[in-house]
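Report on the structure given below.
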Amino acid sequence: MRIFFAALLAVLLLAFASPSAEAAVEARVQISTQKMVVYVDGMPAKEWTVSTGRRGYNTPTGAYKAQWLSAQHRSKKYKNAPMPHSIFFTGGYAVHGTTEVARLGKPASHGCVRLAPANAKELFALVREHGLQSSRIVITQ
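Residue numbering for the sequence shown is -23 to -1, 1 to 118, as defined by mature numbering (1 follows the signal peptide of the UniProt record, and there is no 0).
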């Protein structure tokens, strides 16, 4: 009888207490449209125009956990270029703000996903609030 109740308790805990497999914050980037839709707790919350990698500089596609944050990052690879509110997701690739807002909506970066500064700041705050482990970047063609 104890084994039965232990098994029943385990099933109930798994069914009701396990965390959702979905990320609390998910930024979905579509390269073909140069758009990002941000989902919070599974619901669409924001839609923004982005710039991804220009010719010769691909933006990696796939689903990635946010790895680390840097509020005032500067690129060591590209002449100390500012990358405000960076959310790094794989290797040296990040979602970050840009001063080149006139180029948003067109591929223009060296592979990162660029946002308007206010949008990058807002996404950065959401990821910080919900945590890296609960945040994903999903990039599709």
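We put the beta carbon where it would ideally sit given N, CA and C, even for glycine. Computed from a predicted structure; not experimentally measured.
Please list, in chain order, all residues of the same chain as residue i whose beta carbon is under 8 Å from its beta carbon, the five residues on each side excluded.
| i | result |
| --- | --- |
| Gln11 | Thr26, Val27, Ser28, Thr29, Leu81, Gly82, Lys83, Pro84 |
Could you give the distance in angstroms between the alpha-carbon of residue i and the alpha-carbon of residue j?
| i | j | result |
| --- | --- | --- |
| Ala4 | Tyr16 | 6 Å |
| Leu109 | Ala58 | 24 Å |
| Ile116 | Pro37 | 7 Å |
| Tyr70 | Arg32 | 16 Å |
| Ala48 | Val78 | 18 Å |
Compare the C-alpha of residue i against each of the options and name the closest.
| i | options | result |
| --- | --- | --- |
| Asn96 | Ile8, Lys56, Met13 | Met13 |
| Tyr55 | Glu24, Arg32, Gln110, Cys89 | Cys89 |
| Ile64 | Ser9, Glu(-2), Ser111, Ile8 | Ser111 |
Where DSSP assigns a beta bridge to residue i, which residues make up the other side?
| i | result |
| --- | --- |
| Thr67 | Tyr70 |
| Pro59 | Arg51 |
| Leu46 | Ile64 |
Residues in its own chain within less than 6 Å of residue i by CB, not counting five upstream and five downstream?
| i | result |
| --- | --- |
| Leu103 | Val2 |
Below 8 Å on the Cβ atoms is my contact criterion, and I expect residue i with residue j to pass it. Report the Cβ-Cβ distance as a whole number of Å.
| i | j | result |
| --- | --- | --- |
| Ser86 | Tyr41 | Ser86 to Tyr41, Cβ: 16 Å. No contact. |
| Lys98 | Gly74 | 7 Å |
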